[in-house]
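Visitor: Here it is, the structure in full.
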Amino acid sequence: MRTFTRSFLALLFIIFSIFQTQAQGGRIPVSAKKGMVVSSHYLASEVGKEILAKGGTAMDASIATAFALSVTLPAAGNIGGGGFLVYYGGDGETTTFNFREKAPLAATREMYLDENGKVKDNSNHDGILAVGVPGTVAGLYKAHQKFGKLDWADLVQPAIEIAEKGFPVSPHIVGFSNWVLENSDEYKSTAKIFLKDKEAAFEVGDTLIQKDLAESLKRIRDHGADGFYKGKTASLIANYMKANNGIITKKDLEVYEAEEMQPIEGTYRGYDIIGMAPPSSGGVTIVEMLNILEAYDLTEMGHNSAESLHFITEAMRRAYADRAQFLGDLNFNPQVPLERLTSKEYAEDLRKGILAAKASKSDSTNFNKAHAAYESPETTHLSVVDSEGNAVSLTYTLEQSYGSKIVLEGAGFLLNNEMGDFNAIPGYTDSKGRIGTEPNQIEPEKRMLSSMSPTIVAKDGKPVIVIGSPGGRTIINTVLQVILNVVDHKMDIAKAIESPRFHHQWLPDTSYFEDWGFSPDTFKIYTEKGHEIETRETQGRAMGIFIDPVSGELEGAADSRSYDGKAVGY
Ligand code: GLY
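Residue numbers (mature numbering (1 follows the signal peptide of the UniProt record, and there is no 0)): -23 to -1, 1 to 547.
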């Protein structure tokens, strides 16, 4: 074992045997001068910080943090899923990495439909057919080849150590363990990992050891991406699929490639916005909304005033309608009008239809009656900045909480259920909310549309805000509101993240507010304009960093809505 990981882990285990959790979240940001790691698990953030302290780049630390999350945050951290990474270098270079899962080669447009054209047994979300070809390992490896400084093996090793030695189980994992106990006959391979013993679920503070996962990570440590897409792990995937009527084969794994892509770029009140291009819908939708909002004086209206909420809703309504109509994997949809959707002129056209006193109505007939499909809140985001001013914004996911809930037998990691993010029924709409538009229909090797929105905001060629969140389709609006809170309302990053949020996504034509943060007076004025509202407990779990453009000092904040999130500076 390498010396630094040995001493690092010794320290961690002394600390965490005393304290069950070291989660941090709240209205006070964590300050640091050199570097910052913010993620949804305190152990993973510590891993990232240790990599920075060893001279690693923000990319090195992000990769190590992501591998650590695959161990400590099995709900969303993963090697069996996929995601996106946005990079902004201290030298001004910007780029992105797309490692979204792909549809298997044997996938077909109507693969989930029964003879009546309905989705059979929720099979696009549940069961082996819901699994997309994983992208995470290919994406992290590609990003390391371009921007890594430390050895790849040193970035995977801390995750291996945590998997072998175990870590204290949090309430969220206890919840999953109880679900596994109830479903252990159907999810046998999952029960081997996520139960304390055959008849008992884990309790808070128990130690979760993941030996099979450690072995899978060792193959990745020793062979890079080939340690996942070839050799033993590839055989385990292909064999498990064959034995369980799945369709992913060795060929799917062989042909999987992560992509480096041009970011989506926009501006907002003198700041540059750097986001992810499709198959993420985040970059386009955020830039479109910011372009619409730029003409309104949100500062003067006041934070979360009914008036500002009204204009933000109208921006959301319009941008989400375009998301539903136009966006899908660019490799299969070269016609997507990216330039138009992200232009100031288009925003000006859209603003012409916005009235100050009256809500618009979302009209499904224009867009194939598209509406809101269920999307899981279980995804995870990490933000990292290093001492050279390089910044990484990375969001990845298994789709729903614990993905397909299927642990790959013998490999110890959970498989995603990302195929559910495709439009399952071509052209079909129902009142519960599915989108049937063409750009996001299933095709072999196509990537399903995502709402993951890793974003970097910059000024004068330097990153200023590094931000992202989980939350399915709400992600885009969570990131939007954090940006507005910093830029328009001059909040520090912790307050910007903690502030109450809301969500509108065109259809259903309803605004969803966090139930604890808005006054009845505000709701009264807002609904008098014609908006429908509902409340929900929580929206997103943002992880962000602010870099002071003058002093270069860093402030990090992990959303207190997260279970175990932590900002760690050094
Ligand atoms: N699976 C959630 C997303 O990609 O948006």
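From the three backbone atoms N, C-alpha and C, an ideal C-beta is built for every residue, glycine too.
Any chance the region 358 to 375 sits against the region 438 to 446, with 3 or more Cβ pairs inside 8 Å?
Guide: Short answer: they touch.
Visitor: Just list the alpha helix (DSSP H) runs in the region 202 to 253, keeping only unbroken ones of 4 residues or longer that don't cross its boundaries, in chain order.
Guide: Taking only runs of at least 4 residues, the alpha helix (DSSP H) segments lying wholly in the region 202 to 253 are 203 to 206, 208 to 220, 227 to 232.
Visitor: Of the residues Y217, A21, E70, which one's Cα is nearest the Cα of I105?
Guide: Taking the sequence shown and counting its residues from 1, one reaches residue 105 at position 128. With distances taken between Cα atoms, I105 lies closest to Y217.
Visitor: Should L332 go down as buried or exposed, given a rule of 16 or more other Cβ atoms within 10 Å for buried?
Guide: Here residue 332 corresponds to residue number 355 of the sequence shown, with the count starting at 1. Exposed, since its Cβ has fewer than 16 Cβ neighbours within 10 Å.
Visitor: Identify every residue that forms a DSSP beta bridge with D174.
Guide: As a first step, residue 174 is located in the sequence shown; it is residue number 197 there, counting from the start. Looking at the DSSP assignment, D174 forms a beta bridge with A177.
Visitor: Flag this pair as yes or no: are the beta carbons of S428 and G305 separated by less than 9 Å?
Guide: Here residue 428 corresponds to residue number 451 of the sequence shown, with the count starting at 1. Here residue 305 corresponds to residue number 328 of the sequence shown, with the count starting at 1. Not a contact, by the Cβ cut-off of 9 Å.
Visitor: Using only alpha-carbon positions, find the residue among R196, A211, V151, G59 that is nearest to E180.
Guide: Along the sequence shown, one-based indexing puts residue 180 at 203. Nearest option by C-alpha distance: V151.
Visitor: Alpha carbon to alpha carbon, how far is N221 from A215?
Guide: In the sequence shown, residue 221 corresponds to position 244, counting from 1. In the sequence shown, residue 215 corresponds to position 238, counting from 1. Distance between the alpha carbons of N221 and A215 is about 10 Å.
Visitor: Tell me which residues share the same chain as K97 and place their Cβ nearer than 7 Å to its Cβ, disregarding the 5 neighbours each side in the sequence.
Guide: Translated into positions along the sequence shown, residue 97 becomes position 120. So the qualifying residues of the chain are Y89, L90, D91.
Visitor: With distances taken Cα to Cα, identify the nearest neighbour of N281 among H466, I139, F309, N93.
Guide: Against the sequence shown, residue 281 aligns to sequence position 304. Comparing Cα-Cα distances from N281 to each of H466, I139, F309, N93, the minimum goes to H466.
Visitor: Specify whether the region 377 to 393 and the region 23 to 35 touch according to this definition: at least 3 beta carbon pairs, one from each stretch, less than 8 Å apart.
Guide: The region 377 to 393 vs the region 23 to 35: no contact.
Visitor: Looking at P145 and T184, is the spacing between their C-beta atoms short of 9 Å?
Guide: Residue numbering aside, residue 184 sits at position 207 when the sequence shown is read from its first letter. Residue numbering aside, residue 145 sits at position 168 when the sequence shown is read from its first letter. Their beta carbons are under 9 Å apart, which means T184 touches P145 by this criterion.
Visitor: Is there at least one non-hydrogen atom of ligand 1 closer than 8 Å to the beta-carbon of T455?
Guide: As a working mapping, residue 455 is identified with position 478 in the sequence shown. Not under cutoff, so the answer is no.
Visitor: Using the Cβ count rule (16 or more neighbours within 10 Å means buried), how would you classify residue 576?
Guide: Because the chain is modelled from -23 through 547, residue 576 falls outside the range shown and cannot be assessed.
Visitor: In this structure, how does DSSP classify A544 when only helix, strand and coil are distinguished?
Guide: By 1-based counting over the sequence shown, the position of residue 544 is 567. A544: strand per DSSP, three-state reduction.
Visitor: Around the C-beta of P256, are 16 or more other C-beta atoms found within 10 angstroms, so that it is buried, or is it exposed?
Guide: Here residue 256 refers to the residue found at position 279 of the sequence shown. The residue is buried, with at least 16 neighbouring Cβ atoms inside 10 Å.
Visitor: Could you spell out the range, first to last residue, of the beta strand (DSSP E) harbouring A535?
Guide: Looking up residue 535 in the sequence shown gives position 558. A535 -> beta strand (DSSP E) spans 531 to 535.
Visitor: Counting Cβ pairs, one atom from each stretch, are 3 or more of them under 8 Å apart for the region 295 to 310 and the region 477 to 486?
Guide: Contact between the region 295 to 310 and the region 477 to 486 is present, because at least three Cβ pairs lie under 8 Å.
Visitor: My assumption, with CB atoms under 8 Å, is that A115 sits in contact with Y206. Please give the rounded CB distance.
Guide: Counted from its first residue, the sequence shown places residue 115 at position 138. Counted from its first residue, the sequence shown places residue 206 at position 229. That belief holds up - the Cβ atoms of A115 and Y206 are roughly 7 Å apart, short of 8 Å.
Visitor: Would you verify that the beta carbon of S488 is, or is not, closer than 9 Å to some beta carbon of chain C?
Guide: Note that chain C does not occur in the displayed structure, where there is just one protein chain.
Visitor: If you count every other CB in all the chains shown that lies within 10 Å of the CB of N101, and 16 or more means buried, which is it?
Guide: The residue you call residue 101 lines up with position 124 of the sequence shown. That one is buried.
Visitor: Which of the three DSSP states is assigned to V264 in this structure?
Guide: Within the sequence shown, residue 264 is the residue found at index 287, counting from 1. Helix at V264.
Visitor: Could you tell me if G546 is buried or exposed, where buried requires 16 or more neighbouring beta carbons within 10 angstroms of its beta carbon?
Guide: In the sequence shown, counting from the first residue as 1, residue 546 sits at position 569. Classification for G546: buried.
Visitor: Can you determine whether any heavy atom of ligand 1 sits closer than 8 Å to the C-beta of T356, and answer yes or no?
Guide: On the sequence shown, residue 356 is found 379 positions in, with the first residue counted as 1. Yes - ligand 1 has a heavy atom lying nearer than 8 Å to the Cβ of T356.
Visitor: So the candidates are T71, E355, I241, K209; which of them puts its Cα closest to the Cα of N55?
Guide: Looking up residue 55 in the sequence shown gives position 78. Minimum Cα distance to N55 is reached at E355.
Visitor: For K543, does the count of other Cβ atoms within 10 angstroms reach 16, so buried, or fall short, so exposed?
Guide: As a working mapping, residue 543 is identified with position 566 in the sequence shown. It counts as buried.
Visitor: In angstroms with no decimal places, state the Cα-to-Cα distance between Q302 and N310.
Guide: For this step, residue 302 is matched to residue 325 along the sequence shown. For this step, residue 310 is matched to residue 333 along the sequence shown. Roughly 12 Å between the two C-alpha positions.
Visitor: Leaving out the 5 sequence neighbours to the left and right, which residues in its chain are closer than 7 Å to K506 when beta-carbon positions are compared?
Guide: Taking the first residue of the sequence shown as position 1, residue 506 is located at position 529. Cβ neighbours of K506 beyond the five flanking positions: H287, A334, K335, A336.
Visitor: Are G67 and K439 touching if we call contact CB-CB under 9 Å?
Guide: Indexing the sequence shown from 1 puts residue 67 at position 90. Indexing the sequence shown from 1 puts residue 439 at position 462. Result yes, Cβ atoms of G67 and K439 sit closer than 9 Å.
Visitor: Could you give the first and the last residue of the continuous alpha helix (DSSP H) run that contains V527?
Guide: Taking the sequence shown and counting its residues from 1, the one referred to as residue 527 is at position 550. From DSSP, V527 is part of no alpha helix (DSSP H); its letter is neither H nor E.
Visitor: Using a threshold of 9 Å, state whether the C-beta atoms of S154 and R518 are closer than that.
Guide: As a position in the sequence shown, residue 154 is number 177, starting the count at 1. As a position in the sequence shown, residue 518 is number 541, starting the count at 1. No; because the gap between Cβ atoms is not below 9 Å, this pair is not in contact.
Visitor: So is the beta-carbon of S339 under 8 Å away from any non-hydrogen atom of ligand 1?
Guide: Here residue 339 is taken as the residue at index 362 of the sequence shown, counted from 1. S339: no, Cβ never under 8 Å from ligand 1.
Visitor: CB K175 to CB S161, shorter than 9 Å?
Guide: Locating residue 175 in the sequence shown gives position 198, counting from the first residue. Locating residue 161 in the sequence shown gives position 184, counting from the first residue. Contact flag set, yes.
Visitor: From T85 to E415, what distance separates their C-alpha atoms?
Guide: For this step, residue 85 is matched to residue 108 along the sequence shown. For this step, residue 415 is matched to residue 438 along the sequence shown. Taking the straight line from one Cα to the other gives about 14 Å.
Visitor: Does the distance between the C-beta of T374 and the nearest non-hydrogen atom of ligand 2 fall short of 8 Å?
Guide: Only ligand 1 can be found as ligands here, which leaves ligand 2 out of the picture.
Visitor: For the pair the region 468 to 476 and the region 519 to 528, tell me if three or more CB-CB distances fall below 8 Å.
Guide: Touching, per the Cβ criterion.
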